[in-house]
Each structure stands twice: as C-alpha cells, then as structure tokens.
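Asks:
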Amino acid sequence: MKEKLYEIPLNDAIDRDDECLFCFLERKAEQELMDFVLGSCASYMESDTREATDRTGFCRIHQKKMFDYGNALGNGWILKTYYKKLIKEMKEEFKEFVPGKTSLKDRITGKAGNHNSVSAWIQGKEKTCYICDRFSETYERYVVTFFHLYKKDPAFREKLEKSRGFCLHHFGDLCSGADEHLNDRERKEFYPVIFGLMDRNMERVSGDIDWFIEKFDYLNRDADWKQSKDALQRGMQKIRGGYPADPAYKQR
Ligand SMILES: [Zn+2]
Ligand SMILES: [Zn+2]
Numbered sequence: 000m001k002e003k004l005y006e007i008p009l010n011d012a013i014d015r016d017d018e019c020l021f022c023f024l025e026r027k028a029e030q031e032l033m034d035f036v037l038g039s040c041a042s043y044m045e046s047d048t049r050e051a052t053d054r055t056g057f058c059r060i061h062q063k064k065m066f067d068y069g070n071a072l073g074n075g076w077i078l079k080t081y082y083k084k085l086i087k088e089m090k091e092e093f094k095e096f097v098p099g100k101t102s103l104k105d106r107i108t109g110k111a112g113n114h115n116s117v118s119a120w121i122q123g124k125e126k127t128c129y130i131c132d133r134f135s136e137t138y139e140r141y142v143v144t145f146f147h148l149y150k151k152d153p154a155f156r157e158k159l160e161k162s163r164g165f166c167l168h169h170f171g172d173l174c175s176g177a178d179e180h181l182n183d184r185e186r187k188e189f190y191p192v193i194f195g196l197m198d199r200n201m202e203r204v205s206g207d208i209d210w211f212i213e214k215f216d217y218l219n220r221d222a223d224w225k226q227s228k229d230a231l232q233r234g235m236q237k238i239r240g241g242y243p244a245d246p247a248y249k250q251r
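Encoded structure:
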C-alpha cells in the first residue's frame, strides 16, 4: 500500500525526539526539494521543471533559501524564464485593465481596492510556490500515514505518548486531520492523548524559557543550564514551526 513509503520517514522522525516530528519531516523534504531544483542533478535545466517554476515561482521564504543555497547560475536560469513569462502576463493585465468605479462607501470602508484586476493577478502569483506546493502534497500523505500508524501500530502510539509533541502550527493540522481520518470512537480516545501531550510539552518549553531568563541572574551564574541552553529556538519553533537557529542550507 501507498502508506508504506511514508512509514519509514515518519518512524524515523518520531525517533528523533524533536519538538515536532512534522517540522522535522518538513525540513527534510524542503532540503530535498532544493537539492532537486538547484542541486547537482540540475533539474532547473529541464524544460518540465522550468515550466513548473515559471508557473508557480517561489514564496519569499523559499526565494531567500534558494539564494542562500548558493547555485548562482541555477538561480539565474530560473529567474530568466520566470521574468519572460511574468512580463508577458503583466503586459496582458495592463492591456485588459479598466479602472473600476469606486463608490464613496467602498472608499470609506476600505473596500475600494477589492475589485482591482491587477492586484488580484498579483495576489494569485503570491499564492503559489514550487517548494511549498510540492511539499504540501507530501505533507498530506504524512498526515494520512500518521493516523494509519496511530491506528494499527501500538509501538508508534507508545512513542507518540512519550514524544515532545508538536509545534502549534502542525498540531492544528493534526486536529483537523483527526476529524477526517478517525471515526467518532477513535477521536474520543485520540484527543485526550494529544491534548495531554501538548499540555505537558508546552509547559515544559515554557519552563525552559523561564529558566533561560533566570540563568542571566548573577546568583544563578554557576547553576546548571538544565535543558535551557537552546530554549529560544525551541520556544520559537513550538509556536510557529521551523528551525530559527538553523544555518542556511547550502549546495554540497
Ligand atoms: Zn511543526
Ligand atoms: Zn515556499
């Protein structure tokens, strides 16, 4: 079955004892996608990949990560054809543009810009990113596999209960995923487990941050750091996801 492909990385992620196993999977997939687009296999020179990147572009976060990755010529090629397509589309948009009539009411309520076709075209462009879009397909499969393992594998369940839980961002996805992938009886059992997990682990991280601050107190200068040395990056990850302290991922 299809899930098998995703079970190994998911089990691997839960064994890492990270603040969030989905953050761990996300970082891995993101790095693999950057290697695919910009790395030594040079997919950016293949027409189907470039058609795709011309169509979707990259979000602000991934554009920065692509720059930091280090393949300057590869980035140049990706931008070259993206620009050609963009300018062609933009000229069309400008040609089609008719300034709309805005009522006084729209201007007062701040809705005057809602019907601007050029603005809508740009907003559409900002909704797509080659890396985000490709990852979200993989992520869907990971969520499905997570519930599959939760239901059929007691060892996975045990590891989950002992794990550090999830970041708030991915936890939200898991709650909506439960409504989709578990039946009423399973959900009744599932929620207390993950709510307890989140409760304990949010308190733990919060306590780590408290001690991080205490450590700056002169009186605590010789005290043990306990778990708090990296409390900032873990504290930030736990709220929004991702790894604030990661160095830039570079071409190897
Ligand atoms: Zn996460
Ligand atoms: Zn992105």
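So the sequence shown is numbered by numbering that gives the first Met the number 0: it starts at 0 and just counts up by one. Virtual Cβ for every residue (Gly too), placed ideally from N, Cα, C.
Can you list, in chain order, the residues of its chain with a C-beta nearer than 8 Å to that of K249? Leave out the 5 residues immediately preceding and following it.
Replies: So the list reads D67, Y68, G69, once near-sequence residues are dropped.
Asks: Using C-beta distances below 8 Å, list every residue in its chain close to F189, excluding the 5 sequence neighbours before and after it, in chain order.
Replies: Taken in chain order, the residues that qualify are Y149, A177, L181.
Asks: Verify the contact flag: Q236, CB atom, against every heavy atom of ligand 1, threshold strictly below 8 Å.
Replies: Because some heavy atom of ligand 1 lies under 8 Å away, the Cβ of Q236 counts as near it: yes.
Asks: What first and last residue would you give for the alpha helix (DSSP H) that runs through V117?
Replies: Start and end: 116 to 125.
Asks: Within the chosen definition, does the region 115 to 135 reach the region 84 to 94 through at least 3 CB pairs nearer than 8 Å?
Replies: The answer is yes - the region 84 to 94 touches the region 115 to 135, with three or more Cβ pairs under 8 Å.
Asks: Under 6 Å from any heavy atom of ligand 1, by CB: list those residues in chain order, please.
Replies: For ligand 1, the selected residues are C19, F21, C22, F165, C166, H168, H169, G240.
Asks: Under a criterion of Cβ closer than 7 Å to any non-hydrogen atom of ligand 2, which residues qualify, in chain order?
Replies: Those satisfying the condition are, in chain order, F57, C58, I60, H61, C128, I130, C131.
Asks: I want to know whether the region 213 to 233 touches the region 130 to 142 - three or more CB-CB distances under 8 Å.
Replies: Because the criterion of three Cβ pairs below 8 Å is not met, the region 213 to 233 and the region 130 to 142 do not touch.
Asks: Out of curiosity, what's the CA-to-CA distance linking H147 and Y5?
Replies: Going from the Cα of H147 to the Cα of Y5 covers about 10 Å.
Asks: Given Y76, which residues of its chain have a CB within under 6 Å of its CB, disregarding the five upstream and five downstream residues?
Replies: Correcting the residue type first, residue 76 is Trp in the shown sequence and not Tyr. So the qualifying residues of the chain are Y43.
Asks: Determine the direct distance from the alpha carbon of R199 to that of S205, and round the result to whole angstroms.
Replies: Whole-angstrom Cα-Cα distance: 10 Å.
Asks: Could you check if R163 is buried or exposed, using at least 16 other CB atoms within 10 Å of its CB as the buried criterion?
Replies: Label assigned to R163: buried.
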